[in-house]
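Here's the structure we're looking at; comments come further down.
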Amino acid sequence: MATGRTISASFLTDFDKKIIETCNEISDLIKNTIEDKTQKADFHKQYGKISYTRDGGLGLGGGKLQRDTICTRGRQGKAPYSNRNLRWHPLIVAEQPVSYAKEIERIEIQGEDDEQVLVYIVKINGKEQEFPSDKVHELPERFAALPKHWIEHIDTLKHWNDTLWTQNSCAIPAYEACDWQDSIETYAILAIAVATEYYNIDFKTIYTKVTQLLKDQKIDIKLTLPSKLFPTQKQDIISCPVCKLPLSNDLQQFRTDERIPTWQPAWRPSKKTEGNDGSNQILHVNPLVETEIRHKSNTVRYGHRWCNVAMTDHSLKETIDFMEFIVKAHNRIK
Numbered sequence: 000m001a002t003g004r005t006i007s008a009s010f011l012t013d014f015d016k017k018i019i020e021t022c023n024e025i026s027d028l029i030k031n032t033i034e035d036k037t038q039k040a041d042f043h044k045q046y047g048k049i050s051y052t053r054d055g056g057l058g059l060g061g062g063k064l065q066r067d068t069i070c071t072r073g074r075q076g077k078a079p080y081s082n083r084n085l086r087w088h089p090l091i092v093a094e095q096p097v098s099y100a101k102e103i104e105r106i107e108i109q110g111e112d113d114e115q116v117l118v119y120i121v122k123i124n125g126k127e128q129e130f131p132s133d134k135v136h137e138l139p140e141r142f143a144a145l146p147k148h149w150i151e152h153i154d155t156l157k158h159w160n161d162t163l164w165t166q167n168s169c170a171i172p173a174y175e176a177c178d179w180q181d182s183i184e185t186y187a188i189l190a191i192a193v194a195t196e197y198y199n200i201d202f203k204t205i206y207t208k209v210t211q212l213l214k215d216q217k218i219d220i221k222l223t224l225p226s227k228l229f230p231t232q233k234q235d236i237i238s239c240p241v242c243k244l245p246l247s248n249d250l251q252q253f254r255t256d257e258r259i260p261t262w263q264p265a266w267r268p269s270k271k272t273e274g275n276d277g278s279n280q281i282l283h284v285n286p287l288v289e290t291e292i293r294h295k296s297n298t299v300r301y302g303h304r305w306c307n308v309a310m311t312d313h314s315l316k317e318t319i320d321f322m323e324f325i326v327k328a329h330n331r332i333k
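Numbering that gives the first Met the number 0 applies: residue 0 is where the sequence shown begins, and numbers increase by one.
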């Protein structure tokens, strides 16, 4: 299975760089608004650091905001998935045709033995063009590879080794895709939440500054940002969508026993706090689906890990309905 970094992880188009630079400007704006030097450094390290890569970088690469909002989740396996990539990456894989991407013409496998490469054939201005796996990021618009395009290669692909899959990890799942402006707006909205809840920045002040920065974007002057989907109410931004408590609330009031420590290798960086009940995780109020783009500023929030786990892949409404049923079943209505 694919085990390494996304192919062409370090290659960005000029367009990609402009989008990441805008996110960097948002990060710098917040960092420069934080007065305390220790908190300023903490924000940069934990959330605001930017890596000019497709996958958010290795090790001490991009911060949590970059990984959560403008990058897809890390994936590995016997499939052409990128192990993180930009959400506006122009090659997606889907189960069925989608309205926001054109179909590719076909897939070819070129090369021999461990040099085999997936080549995606697309039609641009009526002419067919070839894009090997390490060049698909240069596609001029979004294209989708569907099940029918893989059929003739199944018998070959099921015998591919880790090396072959790693050097062909070049596509992202359709349900994780979004347009570039959605990535910027989700970065902005979560950045505002973090700045307000964890770094004591006045909400109105930072909201005004960030939205003004969005209005001044020059990536596409025909596009007005922030969009109509961008939330305006403080509580809609800084509160967990599930429990409605502030993100900074660690939910310890609901735990009756302390977590029992488990062994962790001392030679490996610990991510123990990411498993805490109150740690913040990216949450989609409506679950991601292939049929439409849902990674948008009106549905993406930070929520408590406990709340996020409770939602699994359900919508907020489904989750609350289920919780209501459970409370009634246990006669816990007060």
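C-beta atoms are modelled at their ideal positions from N, C-alpha and C, and glycine is treated no differently.
Sequence-distant partners of residue 202 (beyond 5 residues in either direction) whose C-beta falls short of 6 Å from its own C-beta, in its chain, are 195 and 233.
Within the DSSP secondary-structure output, residue 302 pairs in a beta bridge with 280. The residues 116, in chain order, have a CB closer than 8 Å to that of residue 110 in the same chain once the five nearest residues on each side in sequence are set aside. About 24 Å separates the beta carbons of residue 292 and residue 215, which is beyond the 8 Å limit, so they are not a contact pair. Pairing residue 91 with residue 144 gives a Cβ-Cβ distance under 9 Å.
Classified as exposed, residue 227 has fewer than 16 neighbouring CB atoms from the shown chains inside 10 Å of its CB. Scanning the stretch 185-259 from its first residue to its last, the whole alpha helix (DSSP H) runs of 4-plus residues come out as 202-214 and 233-237. About 5 Å separates the CB atoms of residue 73 and residue 83; that is less than 8 Å, so the two are in contact. Proximity to residue 217 across 80, 46 and 18 peaks at 18, based on C-alpha coordinates. A distance below 7 Å between beta-carbons, with the five flanking residues on each side excluded, links residue 236 to the following residues of its chain, in chain order: 188, 191, 192 and 230.
By the C-beta criterion, the stretch 99-106 is judged not to be in contact with the stretch 48-56, since fewer than 3 inter-stretch pairs fall below 8 Å. Annotated three-state conformation of residue 45 is helix, per DSSP.
Each residue's CA atom was taken as its position, placing residue 167 and residue 57 some 19 Å apart. Boundaries of the beta strand (DSSP E) around residue 90: 90-92.
Shown here for residue 242: same chain residues with a beta carbon closer than 6 Å to its own, the five before and five after excluded, namely 306 in chain order. Here residue 129 is exposed. Its C-beta has fewer than 16 other C-beta atoms within 10 Å.
Here residue 287 is not near residue 239, since their CB atoms are 9 Å or more apart. The shortest C-alpha to C-alpha distance from residue 147 to any of 125, 94 and 304 is the one to 94. Counting along the chain, the unbroken beta strand (DSSP E) around residue 105 starts and ends at 105-109.
Between residue 81 and residue 71, the beta carbon gap of about 7 Å places them in contact (Cβ cut-off 8 Å).
Taking the Cα of residue 26 as reference, the smallest distance to any Cα among 158, 175, 99 and 186 is reached at 186. Inclusion of residue 248 and residue 274 in the CB contact set at 9 Å is not warranted, their separation being larger than that value. One Cα belongs to residue 132, the other to residue 161, and the distance between them is close to 15 Å. For residue 172, the pairing in a beta bridge is given by DSSP as 92. In the three-state scheme derived from DSSP, where H, G and I count as helix and E and B as strand, residue 70 is classed as strand.
In the DSSP annotation of this structure, the continuous segment of the beta strand (DSSP E) that includes residue 117 starts and ends at 116-123. By the C-beta density criterion, residue 159 is buried, having at least 16 other C-beta atoms within 10 angstroms. Between residue 264 and residue 257, the alpha-carbon positions lie close to 21 Å from each other. Cβ neighbours of residue 304 within its own chain (closer than 8 Å, five residues either side excluded): 273, 274, 275, 276, 277, 278, 279 and 280.
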